[in-house]
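K.L.:
The sequence shown maps to residues 1 to 889 in the UniProt record's numbering. The structure follows.
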Amino acid sequence: MRYAFLSCLNPAQSQCVEHPPALPLQILAGPGSGKTRVLTSRIAYLVLHHGIDPSSICAVTFTNKAANEMRTRLVKLLGKDKTNQIKLGTFHAICVLFLRKYGYLIGVEKNFTICDADVSKRMVGKLLKAHEDFMASKDLTLKEGAVLTMISKAKAKGETPEGVRPKTAKSTVSNIQTFKQTAFADVQQVFADVYRDYQTFLRQSNSLDFDDLLIFGVELFSKHPRHTKWCHHILVDEFQDTNTIQYELMCCIASMNKCITVVGDPDQSIYGWRSAEVKNLARMQNDFTNVKQVFLEHNYRSAGSILAASVSIISQDNSRIPKTLRTSHPLGPRPMLRSFPTENDEASFLAYEINRMIALTGGMLGYGDFAILLRFNALSRMIETALQRERIPNRILGGHKFFERTEIKDLLAYLQLVDNPEFVPAFSRCVNIPSRGIGEKALGEIIACAQKLKSSPLSIVEQICDHKIPDLKLSVRRKVAPFVVTIRTLRKLAAEGRPPSELIRTLLKFIQYEEHLKKTQPDWELRWENVQELINFASEDVGDCGVGSLVISPDTKPSSDTPLRQFLQASMLSSDGDKSNGHDDGKVVITTCHAAKGLEWPVVIIPAVEKGNFPFYRSEDIEEERRLLYVACTRAQAMLYLTHALKRKSAGEQKTKDLSVFLSGIRHENPSLFSDEPPSLSAQDQKLMAEILGRESRLPDEDDAKCRTASFMPARQYNPQPKVEGELGQFDPPPSPELPYREDIPTGYVPVFQSSRTSRPPQQLKLSSFMAPLPPTMAKPKATKPVSAPAPTFGTAVAVSTNAESTVILATASKPVAGPGTFSQQQLVSTNVDHLRILNTPTGQPVLESQTQTTVCSPSPPSIGMKRRLGMGRVTAGYSNKKFKPPVV
């Protein structure tokens, strides 16, 4: 039987989908090659054609977003009932599901709490204080963040605290090498002790961190393999990003039937710093027999020129698995590779270019179609400033997450304590929220008493309130009595199976949390809105984290998950990025290259492609840095910009920067891959863009696009400063005496930038590419005196209608600021000429000869609601971004 969904696949994709389920399969899928379609089609084929029970299929993804995307597609292919039976989710979510039901077999209580990174970091910080004297005597420094990273890496490799302890005895310092070895051994000793105490704390608090979920999952499946009999086929997405413990977990789940399908791309392995092992692809070849490899090399995402440039970057890695990429899309506009004098010029150009592209495409592109991908977050400051100055709405993708906000963590701490009374961090956080007079001293006394009696702090305060043990000298009974009442009330409601939303509303009333926010937070209204959103999330059907259901064996204890426990589990495994496609709210996205993995945008801008950034100066794996740049480039669908600065400030000092070695060699060997000019977007290019993005209905009319472009380009006063000898960049020539300023016409900012090929002589001026800025007004010139044209400077568009009778030149004093496809009031300069021609001069510089009279149309006054920004001299339309409010004059 031939299924309809198979008709949408190319030959390589069909080969993957129809591959026999009993034979292990590796799918090496390039970027934009349709791997999600292949995975979902293969699952549907296993169920419909091979008759495999959906409940015996395990599909592992790396993000909840990817899992939700697969689930949505599978519902269309299999229906909701069959899709819900599939174990579909992240490695962590699947482990949580099994540990809740079978964890008691390895000593994990069913009500364990998932400890987030913030709690882990604070605990490691406290444990480090016990080693301060030793580290000071050895002149060592260890930060809690660094230690937590070391712990995570050790767990990813399956190493225990004793396994990381230094094995060799310390020797007398006799040379530099011995000194380094001794210092390393001292650091490892402290690290091993903190690691051991950290694990002890987690077990005493009945909690697991994210790495523990995988470790205990492996322990459960390896010691009790009968709980893997249910799995007849496992499929793993983004296999190149798996670490050692995840690989072992996959092997444990597949141990009974050895039926496995993995999808990955070694060229996109960029998480080595998270202990990802790209070598797992080769390891699988050894651990499983008759593994078949299939390449998906057809890219459906990017224009041909973007793909060619991206492949040229990754092809420099001689150790990679050889494969090619091809696309059915034409070349389109070449990616731009350009240098700028400073980071200020670079940022100004990026902001300017975004607005120019929106105008040039007649609104086919919006702000949400642009992404600025950074090597690290610190590079965003200058760019954010430039976007704000140009009134371009933007957002940081992967910024402060919803579940990391203070007000959300306050409420979750109460609910965590209700579900797990042993969880000390939750008690420490919420016992004094709102303030009850329980300071650090009182909290320390309670915890010390709990440790002495081998109990939990919550149990201690409950016993004090019940008069079962004496009150502490700090009068704890009076202070915590309302707190104990609140916890006990919520505990009773949770045991009755009340929905989490009801528990939160009850909690808010008991502790009067809104009043607490009003007293302590100046932005309490926004925080209270976040609380309401938490209630909305709690009202959703979280189920078992969306990973399907399990058939409970007769020899196992029944599951007693409460709605509260399922809600807490969903909140801990959720993230903001799982709910975002990167460009869904009409704002330019600023994010890191790592966070952009799995996303795509019509236009991608990668600034600061310089030595020290690509590869990053602290990176130990240069090839992973090359893969990161490759991943960033392949996020682009229609246009790609790569920019860098010749000088950039670092730690307050201006330093010279060189182009990344990943690009300098390519530009020298194949200069045609990149353009150092911004794309002009011909009608053919715009048509291609519309086809790639599926926006044929929004393809702008050519005349309309010209009008929008002219309305965007600001008229500009010349900078009267002469060119400074020896400095980078270009300076405007002084205005001609025949072209005086007009003070009543506002001016806009047009960036001036340096070519990346600084040694190349200036290009000859061509009428077709003439983009010299016009002065705001023109006085009547002499009839036959030639007027020297200013040096060609990118920025101000001049719409020239060449005709034997007349030429009309449009200019404007402002640009669209209210959003794509809109523009503010225009000022038009109409020049009636008999003819306009280019003359060659003895110096070789072309000039324009005009034999006409010029008349100037005075600009209309600003319309009602228009404002003038102080210091910028520009008329702008009102803008809805509340974060930026222009002053009113």
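From the three backbone atoms N, C-alpha and C, an ideal C-beta is built for every residue, glycine too. Owing to the predicted nature of the structure, the values given are computational and were not obtained by experimental measurement.
Measuring alpha carbon to alpha carbon, tell me which of 346, 434, 259 ends up nearest residue 52.
P.N.:
The option with the nearest alpha carbon to residue 52 is 259.
K.L.:
In angstroms, rounded to a whole number, what distance separates the CA positions of residue 319 and residue 638?
P.N.:
Straight-line Cα distance between these residues: approximately 30 Å.
K.L.:
For residue 636, which residues does DSSP report across the bridge?
P.N.:
Looking at the DSSP assignment, residue 636 forms a beta bridge with 601.
K.L.:
According to DSSP, what are the bridge partners of residue 336?
P.N.:
Paired residues: 641, 675.
K.L.:
Kindly list the residues whose CB is nearer than 7 Å to the CB of residue 19, restricted to its own chain and excluding five residues on each side of it in sequence; keep chain order.
P.N.:
Excluding sequence neighbours, residue 19 sits near 25, 292.
K.L.:
Comparing C-alpha positions only, which one of 652, 459, 393, 379 sits nearest to residue 643?
P.N.:
The shortest Cα separation from residue 643 among 652, 459, 393, 379 belongs to 379.
K.L.:
Should residue 30 go down as buried or exposed, given a rule of 16 or more other Cβ atoms within 10 Å for buried?
P.N.:
The residue in question, residue 30, is buried, as its Cβ has 16 or more Cβ neighbours within 10 Å.
K.L.:
Hey, could you find the ends of the alpha helix (DSSP H) residue 346 is sitting in?
P.N.:
From DSSP, the alpha helix (DSSP H) with residue 346 extends over 343-360.
K.L.:
Helix or strand or just coil, what does DSSP make of residue 728?
P.N.:
At residue 728, the pLDDT of 38 sits below 50, so the modelled position is not reliable; the number obtained from the coordinates is stated separately. Coil, per DSSP.
K.L.:
Inspect the beta-carbon positions of residue 482 and residue 456 and report whether they are closer than 8 Å.
P.N.:
Not closer than 8 Å, so no.
K.L.:
Within its chain, find whatever has a CB closer than 6 Å to the CB of residue 480; leave out the 5 residues flanking it on each side and keep chain order.
P.N.:
The answer, listed in chain order, is 461.
K.L.:
On the three-state DSSP scale, how would you describe residue 318?
P.N.:
Coil at residue 318, not helix or strand.
K.L.:
Which parts of the stretch 240-286 are runs of the beta strand (DSSP E), unbroken and 3 residues or longer, counting only runs that do not cross its ends?
P.N.:
The qualifying runs are 260-264.
K.L.:
Quick check on the DSSP output: the alpha helix (DSSP H) that includes residue 668 runs from which residue to which?
P.N.:
Per DSSP, residue 668 belongs to the alpha helix (DSSP H) from 661-669.
K.L.:
Tell me where the beta strand (DSSP E) around residue 592 begins and ends.
P.N.:
Here the beta strand (DSSP E) through residue 592 covers 588-592.
K.L.:
Answer yes or no: do residue 300 and residue 694 have a C-beta to C-beta separation smaller than 8 Å?
P.N.:
Not in contact: residue 300 and residue 694 (Cβ atoms no closer than 8 Å).
K.L.:
For residue 295, list the residues DSSP reports as bridge partners.
P.N.:
Residue 295 is bridged to 28.
K.L.:
What residue range is occupied by the uninterrupted alpha helix (DSSP H) comprising residue 118?
P.N.:
Its alpha helix (DSSP H) spans residues 117-129.
K.L.:
So residue 392 packs on residue 442, CB below 8 Å; how close in whole Å?
P.N.:
About 50 Å separates the two Cβ atoms, so there is no contact after all.
K.L.:
Which of helix, strand or coil does DSSP assign to residue 236?
P.N.:
In the structure shown, residue 236 sits in a strand (DSSP, three-state: E or B).
K.L.:
Three Cβ pairs or more, each shorter than 8 Å: is that satisfied between the stretch 277-297 and the stretch 245-263?
P.N.:
Counting Cβ pairs under 8 Å, three or more are found: they touch.
K.L.:
Give me the residue from 685, 486, 531, 306 with the minimum Cα distance to residue 510.
P.N.:
Comparing Cα-Cα distances from residue 510 to each of 685, 486, 531, 306, the minimum goes to 486.
K.L.:
Near residue 405, which residues of its chain fall below 7 Å by C-beta distance, leaving aside the five closest residues on each side in sequence?
P.N.:
Taken in chain order, the residues that qualify are 530.
K.L.:
In chain order, what residues of the same chain have a beta carbon less than 8 Å from the beta carbon of residue 40, not counting five sequence neighbours either side?
P.N.:
Excluding sequence neighbours, residue 40 sits near 70, 73, 74, 77.
K.L.:
Return the CA-CA distance between residue 5 and residue 47, expressed in angstroms with no decimal places.
P.N.:
Approximately 13 Å, taken between the alpha carbons.
K.L.:
Grab me the residues of residue 272's own chain with a C-beta within less than 7 Å of its C-beta, minus the 5 sequence neighbours each way, in chain order.
P.N.:
Same-chain partners within the cutoff: 621, 624.
K.L.:
With a CB to CB cut of under 7 Å and the five nearest residues on each side skipped, what residues in its chain are close to residue 246?
P.N.:
Once the five neighbours on either side are set aside, the close Cβ partners of residue 246 are 91, 214.
K.L.:
Does residue 58 come out as helix, strand or coil in the three-state DSSP assignment?
P.N.:
Strand at residue 58.
K.L.:
Is the beta carbon of residue 687 sitting closer than 8 Å to the one on residue 673?
P.N.:
Against a cut-off of 8 Å, the Cβ pair of residue 673 and residue 687 comes out as no contact.
K.L.:
Which residues in the same chain have their Cβ closer than 8 Å to the Cβ of residue 199, if we skip the five residues on either side of it in sequence?
P.N.:
Result list for residue 199: 161, in chain order.
K.L.:
Would you decide whether residue 593 is buried or exposed? Buried here means 16 or more other CB atoms lie within 10 Å of its CB.
P.N.:
So residue 593 ends up on the buried side.
K.L.:
Who are the Cβ neighbours of residue 527 in its own chain at under 6 Å, not counting the five residues just before and after it?
P.N.:
Answer for residue 527: 407, 517, 521, listed in chain order.
K.L.:
Can you give me the Cβ contacts of residue 376 inside the same chain, cut-off strictly under 8 Å, excluding the 5 residues immediately before and after it?
P.N.:
These residues qualify, in order along the chain: 592, 613, 616.
K.L.:
Are the CB atoms of residue 411 and residue 507 nearer to each other than 8 Å?
P.N.:
In contact: residue 411 and residue 507 (Cβ atoms closer than 8 Å).
K.L.:
Would you grab the beta carbon distance between residue 678 and residue 284 for me? Rounded to a whole angstrom, and I think it's under 8 Å.
P.N.:
Going by Cβ atoms, the distance from residue 678 to residue 284 rounds to 45 Å, so no, they are not a contact pair.
K.L.:
Does DSSP put residue 97 in a helix, a strand or coil?
P.N.:
Correct three-state label for residue 97: helix.
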